[in-house]
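Below is one structure, written out as structure tokens; the observations come after it.
Number of protein chains: 4
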Amino acid sequence: MTSIGFLGLGIMGKAMAINLIKAGFDVTVWNRNPEKATELVVLGAKQGTSPKSVAAHCDITFAMVSDPAAALAICQGPEGVAAGIGEGRGYIDMSTVDDSTSQMIADAITNAGGRFLEAPVSGTKKPAEDGTLIILAAGDKTLYDEALPAFDVMGKMSPFLGEVGQGASMKLVVNMMMGGMLSIFSEGMSLGQKAGLDGEKLLEVIAAGAIANPMFKGKGAMLLAEDYTVSFPLKHMQKDMRLAVALGDKLNLSLPTAATANEAFKQAKKAGFSDEDIAAVYKTVK
Amino acid sequence: MTSIGFLGLGIMGKAMAINLIKAGFDVTVWNRNPEKATELVVLGAKQGTSPKSVAAHCDITFAMVSDPAAALAICQGPEGVAAGIGEGRGYIDMSTVDDSTSQMIADAITNAGGRFLEAPVSGTKKPAEDGTLIILAAGDKTLYDEALPAFDVMGKMSPFLGEVGQGASMKLVVNMMMGGMLSIFSEGMSLGQKAGLDGEKLLEVIAAGAIANPMFKGKGAMLLAEDYTVSFPLKHMQKDMRLAVALGDKLNLSLPTAATANEAFKQAKKAGFSDEDIAAVYKTVK
Amino acid sequence: MTSIGFLGLGIMGKAMAINLIKAGFDVTVWNRNPEKATELVVLGAKQGTSPKSVAAHCDITFAMVSDPAAALAICQGPEGVAAGIGEGRGYIDMSTVDDSTSQMIADAITNAGGRFLEAPVSGTKKPAEDGTLIILAAGDKTLYDEALPAFDVMGKMSPFLGEVGQGASMKLVVNMMMGGMLSIFSEGMSLGQKAGLDGEKLLEVIAAGAIANPMFKGKGAMLLAEDYTVSFPLKHMQKDMRLAVALGDKLNLSLPTAATANEAFKQAKKAGFSDEDIAAVYKTVK
Amino acid sequence: MTSIGFLGLGIMGKAMAINLIKAGFDVTVWNRNPEKATELVVLGAKQGTSPKSVAAHCDITFAMVSDPAAALAICQGPEGVAAGIGEGRGYIDMSTVDDSTSQMIADAITNAGGRFLEAPVSGTKKPAEDGTLIILAAGDKTLYDEALPAFDVMGKMSPFLGEVGQGASMKLVVNMMMGGMLSIFSEGMSLGQKAGLDGEKLLEVIAAGAIANPMFKGKGAMLLAEDYTVSFPLKHMQKDMRLAVALGDKLNLSLPTAATANEAFKQAKKAGFSDEDIAAVYKTVK
Chain Z
1 MTSIGFLGLG IMGKAMAINL IKAGFDVTVW NRNPEKATEL VVLGAKQGTS PKSVAAHCDI
61 TFAMVSDPAA ALAICQGPEG VAAGIGEGRG YIDMSTVDDS TSQMIADAIT NAGGRFLEAP
121 VSGTKKPAED GTLIILAAGD KTLYDEALPA FDVMGKMSPF LGEVGQGASM KLVVNMMMGG
181 MLSIFSEGMS LGQKAGLDGE KLLEVIAAGA IANPMFKGKG AMLLAEDYTV SFPLKHMQKD
241 MRLAVALGDK LNLSLPTAAT ANEAFKQAKK AGFSDEDIAA VYKTVK
Chain F
1 MTSIGFLGLG IMGKAMAINL IKAGFDVTVW NRNPEKATEL VVLGAKQGTS PKSVAAHCDI
61 TFAMVSDPAA ALAICQGPEG VAAGIGEGRG YIDMSTVDDS TSQMIADAIT NAGGRFLEAP
121 VSGTKKPAED GTLIILAAGD KTLYDEALPA FDVMGKMSPF LGEVGQGASM KLVVNMMMGG
181 MLSIFSEGMS LGQKAGLDGE KLLEVIAAGA IANPMFKGKG AMLLAEDYTV SFPLKHMQKD
241 MRLAVALGDK LNLSLPTAAT ANEAFKQAKK AGFSDEDIAA VYKTVK
Chain U
1 MTSIGFLGLG IMGKAMAINL IKAGFDVTVW NRNPEKATEL VVLGAKQGTS PKSVAAHCDI
61 TFAMVSDPAA ALAICQGPEG VAAGIGEGRG YIDMSTVDDS TSQMIADAIT NAGGRFLEAP
121 VSGTKKPAED GTLIILAAGD KTLYDEALPA FDVMGKMSPF LGEVGQGASM KLVVNMMMGG
181 MLSIFSEGMS LGQKAGLDGE KLLEVIAAGA IANPMFKGKG AMLLAEDYTV SFPLKHMQKD
241 MRLAVALGDK LNLSLPTAAT ANEAFKQAKK AGFSDEDIAA VYKTVK
Chain D
1 MTSIGFLGLG IMGKAMAINL IKAGFDVTVW NRNPEKATEL VVLGAKQGTS PKSVAAHCDI
61 TFAMVSDPAA ALAICQGPEG VAAGIGEGRG YIDMSTVDDS TSQMIADAIT NAGGRFLEAP
121 VSGTKKPAED GTLIILAAGD KTLYDEALPA FDVMGKMSPF LGEVGQGASM KLVVNMMMGG
181 MLSIFSEGMS LGQKAGLDGE KLLEVIAAGA IANPMFKGKG AMLLAEDYTV SFPLKHMQKD
241 MRLAVALGDK LNLSLPTAAT ANEAFKQAKK AGFSDEDIAA VYKTVK
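Protein chains in written order, with full-length UniProt numbering: chain Z, 1 to 286; chain F, 1 to 286; chain U, 1 to 286; chain D, 1 to 286.
Written as structure tokens, this is what we have:
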């Protein structure tokens, strides 16, 4: 059976690793702060001493860390993944990183003889616990095929998207649509209520028709309650919309609706809502 | 038991009337071309001789005709609904008409002593046949309460929205969101594919996440197949977006995303796609 | 010599009539409140007793009143211009009115045997006094030719634009450009100053280059001084932008920049600046 | 008298250097291809052998080269300006370069003990010949003061704008306004003509009013003649608009009109007009 390494035991990583252990995989975990590994060892995991040693002893090593700097740190250096990975072993980084970081990690691994997949996920804590993440995989196809049984445990779908970079592109496209939808949703909810319609009724009618979707349901309840408790920070959405519009620029594509929605999120940032939930864009519209 | 009149036996009206008959209601039908009534008479309906006589003999009379001119025609004149409706009888116009037409009909009925509801529907042929329309009712609340058993047969939901005009407003808000969503969806599908992503994969990932909705599924398949067979004509969507933006103007609300999406649909009209499906907006983006 | 009638002696009309008198024309004036005519009689004008009598006795009668209702009022009724104008006499309405009002006046005059020109002006009090208005004439070409000597006294240019309605269209197009320019100017002034540039220096550099124009000079000084004393009310500009975008809709033309600038002016209205100068759009951008 | 070095004798540089020579300055020129210096030597210039030697022998050395790579090349390396400039001598780069290139050059010069000004210009061949450029200077104020007599020969204005980077910011702001104005101008010219107005008449009326500016005059003639001979390439304008919107992003400023105009220029690029004049944006609107 494939032996699995798992680096990074934060909220997301811990939930994902537990699912792998419970599914019967032979899992070796590592975390910068080793105490966080205790709970998983109790469940049956081995504990590694460094990213290097984990990568050297496991068939496939997964990583799930918080940002590009952390993703680079566990890959590079004398104790990093690249130093340990041997000919043919696999490394799958599931962290959300930018294109150039992903490419740097890919180069480091393949130069060391390893195989690499980027596999950023769509979904937060609950889907990670439930094993219903959407995993956007791109890179080495043979590694993807071998990793599928593990992906099936962690996610509800895990399409293979092509070369390194395509996972990040997919996430950008989906988030751009999400931002545009939230902007038009905010405008529609504002217009309806100013026209005298009841907010709850609006949500009910929307929920019954062709445009019904989980986001409108969740964010709709939030904006009627004027509760903007952060789940996806508004400033991150604006950053993704900016990057999506910039990608359109590079690919010679005019995206007026996305560009306008981007400016709406910038307006919300300017109004001081950067660290609130994306639903707070409604506050600058209503 | 409430006796029901039904005026207008086009594609929509015929399906709706059949459902009422099958549910056991005492239904009297009328159509400008009387031959269309035959099939319903076979199923158990009575046949009326004029809108006036139907309205005079039934507790509640429904109408479902094609446009504002037809809606006015069956209400006004010596053989119209207003001439027949007596004190306390009800008239429910389910046609899609503009605000001022709806108000003219409301005035004609109430001046004649009748009660009035506007009840435009969301949904096309299939939901009409399946009894799963969304009915947006507004006007006389007592009539609404009496009509609910019939609404329950024709639709899957039929919220009461307030004064005459609110049904039309609700439809405008929903269609505005629909147009904005289709514009950002077209941009995202274009961006993703230009970035090298497979169109089918894009649709799969979207279908699995928080923004999944029936419209993206249906229109997504259409645009990948480059099939713009009309279900909702693009020019009608653009008209609705124009009216929604104008309503924002009247209510002192700035709607930049809707306004931009409106211009995208105008661009598609300019390119010659007025009579194709709303999905054809994609052709001017890609 | 051509005898001239002049109806309406408000701020604009009085200045224009004085210029005609001083230029040696034979001028008969009329104003709803006759006391306002005294000053002009002193300068040599005759005083008429009604729009009807003025139109009946003068070769060409001009009108300059405040709104469409006033423009209709002096034209229609037993004492109106149409009742007095004979075969071949001319009537030139220089008031700013909408298309349909202009057409109603045109019909009333031509049905009575008269000739008609619409001639809305661009420019306010100072250009009216200085005889440097821009006169946008459209309608009867023979009347235009006869009126040219008078136009030359009142304005610095008075192009003939075609059929009745073209004068109003020209004004709409110019005001739409004005609104779009003011929106991008506000954004540029905000961006420059946030980037650390001095506002005065920005205006100097703009004034020296290819985009230098009187409006940027005048409004630029206003916005640096935070002085929004009304010269052109913001709500009127927003109305013109709305009409221009609607005209594009009718003519099958997509106008995304105008539509976006229109939403910026709506945002300013929503923020409470309707009755301030158009320059106040800057306050919602900075 | 101040001795002046001039590096780069292309269309712009040659015209500027000639003006300095004719004004009586002691000028030493250098060009990568030395033959281009001959004409200036005939007029009285000395000829330098390298950027290093020119910078070492002149009080102030100006450079005007075609792009960031060329600007870096003449500054760096064993024969570059930085290698020759001594304590207190001045270097003024008038080329149009991006922020980071300008900062790299500034660092190289100041680390070598020299003083630095960035001074990008607004204006093309004709203003360079006529000495009517707009010079946007930023950096060392003492050097600016010493260079003023030379700036006065080359330009009609040369404001001092602050720290290195402010010259580039000013140019970006002005070009952003230019792009936005050209977009709304294209929309207005299209709308007017579709409404039946004569294009020439439109330009005349615009030229007489508050929005009259040299750019509308020049570009207006071009678009009526359907002549898009390049003076300012469309792709460069789009790049500047993209950078301006990105600067707004960085400074937390929402710029919807600029963002929308940027998408209009992207639409024009997509349609294949990248290398035509900026006026070609009209072709995608009309």
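Glycine residues also receive a C-beta, built at the ideal position from the N, C-alpha and C atoms.
Restricting to Cα atoms, I'd like to know which of U:G192, U:V205, U:V42, U:E200 is closest to A221 (chain U). The shortest C-alpha separation from A221 (chain U) is found at U:E200.
Please classify R115 (chain U): does DSSP put it in a helix, a strand, or coil? R115 (chain U) falls in the strand class under three-state DSSP.
One or two residues paired with G167 (chain D) in a DSSP bridge: Residue pairing by DSSP leaves G167 (chain D) without any beta bridge partner.
Please report how far the alpha carbon of G24 (chain F) lies from the alpha carbon of G155 (chain F), in whole angstroms. The straight-line gap separating the alpha-carbon atoms of G24 (chain F) and G155 (chain F) is approximately 16 Å.
Neighbour list for Q47 (chain F) in chain Z, Cβ cutoff strictly below 8 Å: For the C-beta of Q47 (chain F), not a single chain Z residue is nearer than 8 Å; the gap to the nearest is close to 34 Å.
Could you give the distance in angstroms between the alpha-carbon of C75 (chain Z) and the alpha-carbon of P214 (chain Z)? So the two alpha carbons sit approximately 36 Å from each other.
Kindly say whether S254 (chain D), judged by its beta-carbon, lies nearer than 8 Å to any beta-carbon of chain Z. Taking CB atoms only, S254 (chain D) has a neighbour in chain Z less than 8 Å away.
Option nearest K219 (chain D) by Cα separation, candidates D:G196, D:M181, D:R242: K219 (chain D) has its Cα closest to that of D:M181, out of D:G196, D:M181, D:R242.
Members of the region 258 to 274 of chain U that neighbour chain F once the beta carbon cut-off is set at 8 Å: Per Cβ criterion, the list reads A259, T260, N262, E263, A264, K266, Q267, K269, K270.
I need the DSSP call for M157 (chain Z), collapsed to helix, strand or coil. M157 (chain Z) falls in the strand class under three-state DSSP.
Does DSSP classify Q238 (chain U) as helix, strand or coil? Reduced to three states, the DSSP call for Q238 (chain U) is helix.
What is the DSSP secondary structure of I18 (chain F), reduced to helix, strand or coil? Residue state, collapsed to three classes: helix.
Is the distance from the Cβ of K52 (chain F) to the Cβ of V81 (chain F) below 8 Å? In this structure, V81 (chain F) lies closer than 8 Å to K52 (chain F) by Cβ.
Beta bridge counterpart(s) of A138 (chain U) as assigned by DSSP: Looking at the DSSP assignment, A138 (chain U) forms a beta bridge with U:E118.
Throw me the rounded Cβ distance for the V153 (chain Z) and G167 (chain Z) pair, which I believe falls under 8 Å. Distance from V153 (chain Z) to G167 (chain Z) at the Cβ level is roughly 19 Å; contact not present, criterion being Cβ atoms closer than 8 Å.
Measure the C-alpha to C-alpha separation of A17 (chain D) and A63 (chain D) and round it to an integer number of angstroms. Linking A17 (chain D) to A63 (chain D) through their CA atoms gives a straight-line distance of about 10 Å.
Are the CB atoms of M189 (chain Z) and L223 (chain Z) within a distance shorter than 8 Å? Yes, these two residues count as a Cβ contact at 8 Å.
Reference L72 (chain Z), options Z:I85, Z:A108, Z:S3, closest by Cα: The shortest C-alpha separation from L72 (chain Z) is found at Z:A108.
Determine, using beta carbons only, whether D277 (chain F) and V230 (chain F) come nearer to each other than 8 Å. In this structure, D277 (chain F) sits near V230 (chain F), with a CB-CB distance shorter than 8 Å.
With DSSP collapsed to three states, give me the class of K46 (chain D). K46 (chain D) falls in the strand class under three-state DSSP.
So for F151 (chain Z), helix, strand or coil by DSSP? Note: F151 (chain Z) maps to helix in three-state DSSP.
For G78 (chain U), is the classification buried or exposed, using 16 other Cβ atoms within 10 angstroms of its Cβ as the cut-off for buried? First, the residue type needs correcting, since residue 78 (chain U) is Pro and not Gly in the sequence shown. P78 (chain U) comes out exposed.
Need the endpoints of the beta strand (DSSP E) that F273 (chain F) sits in, please. Premise fails: F273 (chain F) is in no beta strand (DSSP E) and is neither H nor E.
Measure the beta-carbon distance from C58 (chain F) to G5 (chain F) and round it to whole angstroms, keeping in mind my assumption that it falls under 8 Å. So it is a contact: roughly 4 Å between Cβ atoms.
L9 (chain Z) (DSSP reduced to helix, strand or coil): Coil, per DSSP.
Spell out whether any CB of chain U is found under 8 Å from the CB atom of A82 (chain D). So no, A82 (chain D) is outside the interface.
How do the region 246 to 259 of chain D and the region 260 to 276 of chain Z stand: do at least 3 beta-carbon pairs fall below 8 Å, yes or no? Yes, the region 246 to 259 of chain D touches the region 260 to 276 of chain Z.
If you run the structure through DSSP and keep just helix, strand and coil, what is Y228 (chain Z)? Note: Y228 (chain Z) maps to coil in three-state DSSP.
Name the chain F residues whose beta carbon is nearer than 7 Å to that of D249 (chain U)? Within chain F, the residues near D249 (chain U) are R242, K266.
Residues of the region 170 to 182 of chain U in Cβ contact with chain D at a cutoff of 7 Å, in chain order, please. Among the residues of the region 170 to 182 of chain U, those with a Cβ less than 7 Å away from any Cβ of chain D are M170, V173, V174, M176, M177, M178, G180, M181, in the order of the chain.
Does any residue of chain Z have a CB that is nearer than 8 Å to the CB of E35 (chain F)? It does not: the Cβ of E35 (chain F) has no partner Cβ on chain Z nearer than 8 Å.
Can you name the start and end residues of the alpha helix (DSSP H) that D26 (chain U) belongs to? Looking at the DSSP string, D26 (chain U) is not in any alpha helix (DSSP H); the run it does join, the beta strand (DSSP E), is 26 to 30.
On the DSSP bridge list, what partners appear for P233 (chain D)? DSSP output for P233 (chain D) lists D:D277 as bridge partner(s).
Over what stretch of residues does the alpha helix (DSSP H) that includes A208 (chain Z) continue unbroken? Per DSSP, A208 (chain Z) belongs to the alpha helix (DSSP H) from 199 to 208.
Counting only Cβ-Cβ distances shorter than 7 Å, please list the residues of the region 110 to 135 of chain Z near chain F, keeping chain order. Here the close residues are S122, I134.
So what does DSSP say about S3 (chain D), is it helix, strand or coil? In the three-state DSSP reduction, S3 (chain D) falls in the strand class (E or B).
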